[in-house]
Every structure is written in C-alpha cells, then in structure tokens.
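Before any comments, here is the structure.
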C-alpha cells in the first residue's frame, strides 16, 4: 500500500504539472501565432493604403498638368 501512494501522488503531480505548464504554454504559442498573423495582415493592408495614396496623388498631379 505504501508503494502505491507515491505512485498515485506522482501521477497526480505530473498531471497537474502538465496542465499548469502545458495549458499556459499552449495559449501563449497560439497567441503568438495570432499576433504574428495579425501584424502580417496589417503590414499588407498598409502597403495597399500607401499604393492607393500614390495612385491618387499621381492622378491629381496629372489632372493639374492637363
């Protein structure tokens, strides 16, 4: 009976440790991936905004010249 108790306690400890380390680690990794994708999307969007701004400026300049 004494040999079994430490084994059960060790199993509970490992399960608890896995949950208390694995869950925050998993959430952290998912958050990092989400923010990397979000930053990538926003950088792409700002490039399109800059492109649109250049096109509008070129059009305005062309209209002033004609």
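Numbering (the UniProt record's numbering), first residue to last: 1 to 66. Glycine included, each C-beta is placed from N, C-alpha and C at the ideal position.
So for residue i, helix, strand or coil by DSSP?
{"i": "residue 40", "result": "helix"}
{"i": "residue 1", "result": "Only weak support exists for where residue 1 lies, its pLDDT of 49 falling under 50; the coordinates are left without a value."}
{"i": "residue 66", "result": "coil"}
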